[in-house]
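Undergrad: Structure in structure tokens, see below.
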Amino acid sequence: MEEIMMKWVKRVISAVVVVLTFNIFLTPNLGEKLVDQTQDFGSIVEQKVTQNFADTAVQKDDQKTDKDGIENIVVNRNLSNKYYYHFANNVPANFQQKFKQAIALYNQTGIVKLVPGKGSGQDNELTLGVYQKENRTQSQSQIGLRELGFGGPRIYPKMGIGGSDMNSGQANLNSKYPPRLSVALHEIGHSLGLDHRNDRNSIMFPIDQGRTSFSDADLRALKEIYTHN
Numbered sequence: 001m002e003e004i005m006m007k008w009v010k011r012v013i014s015a016v017v018v019v020l021t022f023n024i025f026l027t028p029n030l031g032e033k034l035v036d037q038t039q040d041f042g043s044i045v046e047q048k049v050t051q052n053f054a055d056t057a058v059q060k061d062d063q064k065t066d067k068d069g070i071e072n073i074v075v076n077r078n079l080s081n082k083y084y085y086h087f088a089n090n091v092p093a094n095f096q097q098k099f100k101q102a103i104a105l106y107n108q109t110g111i112v113k114l115v116p117g118k119g120s121g122q123d124n125e126l127t128l129g130v131y132q133k134e135n136r137t138q139s140q141s142q143i144g145l146r147e148l149g150f151g152g153p154r155i156y157p158k159m160g161i162g163g164s165d166m167n168s169g170q171a172n173l174n175s176k177y178p179p180r181l182s183v184a185l186h187e188i189g190h191s192l193g194l195d196h197r198n199d200r201n202s203i204m205f206p207i208d209q210g211r212t213s214f215s216d217a218d219l220r221a222l223k224e225i226y227t228h229n
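End of the sequence shown = 229 in full-length UniProt numbering, gap-free, step of one.
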């Protein structure tokens, strides 16, 4: 009997899928425009990919789908709108300030609630951090890009009947460069499940427009993720 139970436990454990997406935030050295590109860890930005991304970034968003502007891995997930956030080790005060300003703006929407602290282990959580990276790949250097940050959600699907999925998201800023509120908003957006939008009024537009307020489309996407009937 114990052997059968262990087999079922192993099957349940093996069925747990952890889905992870990170988005790297880049900016050209000249013009101070931000560009970001979805990447897997350890991969490089190839010149052709970056150029294609830059070309498509300025195309008008036709908004043909209700899921537009939402990360695929959070679509149809049952996520609570409450998150516990905490800072990773050694986050400078000026970077913490930008993160807190961004969090205040998200809380003002009334759609999500981000509170300081750590949850029970079954609650949504958000880790805010910094890292230092000055080197660029050859293709990034050729078109004058530098990396400003990265972020994304990590989804733990719910087990059994009832309950909620869990998101353990991350938002990180590159401390080699001064912190920007627009970057903090963008990276926290990714960690909450927002994806790029080809809308210059959106905080999720791939080329930074200095946006520090949400577009109507941004708010619709947040509601789509966190409002459950």
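The beta carbon of each residue, even a glycine, is placed where N, CA and C say it ideally should be.
Being a predicted model, the structure only gives us computed values, none of them experimental.
Which residue from Asn198, Gly163, Gln209 puts its Cα closest to that of Leu185?
TA: The residue labelled residue 185 in the question sits at position 185 within the sequence shown. Comparing Cα-Cα distances from Leu185 to each of Asn198, Gly163, Gln209, the minimum goes to Gln209.
Undergrad: Assign Asp40 to one of three DSSP states: helix, strand, or coil.
TA: As a first step, residue 40 is located in the sequence shown; it is residue number 40 there, counting from the start. Residue confidence is low: Asp40 scores 36 on pLDDT, short of 50, so the model does not pin down where it sits. No coordinate-derived value is stated.
Undergrad: Excluding the five sequence neighbours on either side, which residues of its own chain have a C-beta within less than 7 Å of the C-beta of Lys133, listed in chain order?
TA: One-based indexing of the sequence shown puts residue 133 at position 133. Closer than 7 Å at the Cβ level, and outside the excluded window around Lys133, lie Glu147, Asn174, Lys176.
Undergrad: Answer yes or no: do Asn191 and Leu79 have a C-beta to C-beta separation smaller than 9 Å?
TA: Indexing the sequence shown from 1 puts residue 191 at position 191. Indexing the sequence shown from 1 puts residue 79 at position 79. The identity of residue 191 in the sequence shown is Ser, whereas the question assumes Asn. The answer is no: Cβ separation not under 9 Å.
Undergrad: Leaving out five residues on either side along the sequence, give the residues of the same chain with a beta carbon under 7 Å from the beta carbon of Met204.
TA: As a working note, residue 204 is residue 204 in the sequence shown. For Met204, where only same-chain residues beyond five positions count, the Cβ hits under 7 Å are Gly69, His186, Gly189, Leu194, Asp195, His196, Arg197, Asp218.
Undergrad: For my contact list, Gly112 and Tyr85 are in at a C-beta cut-off of 8 Å; report their separation, rounded to the angstrom.
TA: Stepping through the sequence shown from its first residue, residue 112 is reached at position 112. Stepping through the sequence shown from its first residue, residue 85 is reached at position 85. Rather than Gly, the amino acid found at residue 112 in this sequence is Val. Between Tyr85 and Val112 the Cβ distance is about 11 Å, and since that is not below 8 Å, they are no contact.
Undergrad: What are the residues that DSSP puts in a beta bridge with Gln101?
TA: Reading the sequence shown from its first residue, position 101 is the one you call residue 101. Beta-bridge pairing links Gln101 to no other residue.
Undergrad: For Val49 and Ile207, I'd like the C-alpha separation in whole angstroms.
TA: Counting from 1 along the sequence shown, the entry for residue 49 is found at position 49. Counting from 1 along the sequence shown, the entry for residue 207 is found at position 207. Bear in mind that the predicted position of Val49 carries a pLDDT of just 39, short of 50, making it unreliable; the figure below should be weighed with that in mind. Taking the straight line from one Cα to the other gives about 15 Å.
Undergrad: Could you compute how far the alpha carbon of Val115 sits from the alpha carbon of Tyr226?
TA: Counting from 1 along the sequence shown, the entry for residue 115 is found at position 115. Counting from 1 along the sequence shown, the entry for residue 226 is found at position 226. Roughly 16 Å between the two C-alpha positions.
Undergrad: Could you give the distance in angstroms between the alpha-carbon of Pro153 and the alpha-carbon of Gly169?
TA: Here residue 153 is taken as the residue at index 153 of the sequence shown, counted from 1. Here residue 169 is taken as the residue at index 169 of the sequence shown, counted from 1. In a straight line, the C-alpha of Pro153 is about 4 Å away from that of Gly169.
Undergrad: Work out the CA separation of Val74 and Pro92 for me, nearest whole Å.
TA: As a first step, residue 92 is located in the sequence shown; it is residue number 92 there, counting from the start. As a first step, residue 74 is located in the sequence shown; it is residue number 74 there, counting from the start. Distance between the alpha carbons of Pro92 and Val74 is about 31 Å.
Undergrad: Identify, in the order they occur along the chain, each residue of the same chain with its Cβ nearer than 6 Å to the Cβ of Gly117, setting aside the five sequence neighbours on each side.
TA: In the sequence shown, the residue the question calls residue 117 occupies position 117. So the list reads Tyr84, once near-sequence residues are dropped.
Undergrad: Taking the C-alpha atoms as reference points, what is the distance between Gly129 and Glu224?
TA: Translated into positions along the sequence shown, residue 129 becomes position 129. Translated into positions along the sequence shown, residue 224 becomes position 224. Between Gly129 and Glu224, the C-alpha separation is close to 27 Å.
Undergrad: Shortest alpha-carbon distance to Asn23 belongs to which of Asn201, Lys98, Asn172?
TA: Within the sequence shown, the letter at position 23 stands for residue 23. Looking at the Cα atoms, Asn172 is the closest of the given residues.
Undergrad: By Cβ distance, which residues of its chain are closer than 7 Å to Asn94, with the 5 residues on each side in sequence left out?
TA: The residue you call residue 94 lines up with position 94 of the sequence shown. Closer than 7 Å at Cβ, skipping near neighbours: Pro179.
Undergrad: Evaluate Asp199 with the Cβ neighbour count: other Cβ atoms within 10 Å of its Cβ, from every protein chain shown; 16 or more gives buried, anything less gives exposed.
TA: As a working note, residue 199 is residue 199 in the sequence shown. Under this definition Asp199 is a buried residue.
Undergrad: Can you tell me whether Val183 is helix, strand or coil according to DSSP?
TA: To locate residue 183, count along the sequence shown from 1; it is residue 183. Reduced to three states, the DSSP call for Val183 is helix.
Undergrad: Quick one: grab the DSSP three-state call for Lys158.
TA: Taking the sequence shown and counting its residues from 1, the one referred to as residue 158 is at position 158. Coil, per DSSP.
Undergrad: Which first and last residues belong to the beta strand (DSSP E) in which Tyr226 is found?
TA: What you label residue 226 is simply residue 226 of the sequence shown in a count that begins at 1. Where Tyr226 is concerned, there is no enclosing beta strand (DSSP E), although the alpha helix (DSSP H) it sits in stretches over 216–226.
Undergrad: Below 8 Å on the Cβ atoms is my guess for Phe87 versus Gln96; work out the distance and round it to an integer in Å.
TA: Indexing the sequence shown from 1 puts residue 87 at position 87. Indexing the sequence shown from 1 puts residue 96 at position 96. With a Cβ gap of about 6 Å, Phe87 and Gln96 count as contacting.
Undergrad: Expressed to the nearest angstrom, what Euclidean distance is found between the alpha-carbon atoms of Asn72 and Asn90?
TA: The residue labelled residue 72 in the question sits at position 72 within the sequence shown. The residue labelled residue 90 in the question sits at position 90 within the sequence shown. If I take the Cα positions, the gap works out to 32 Å.
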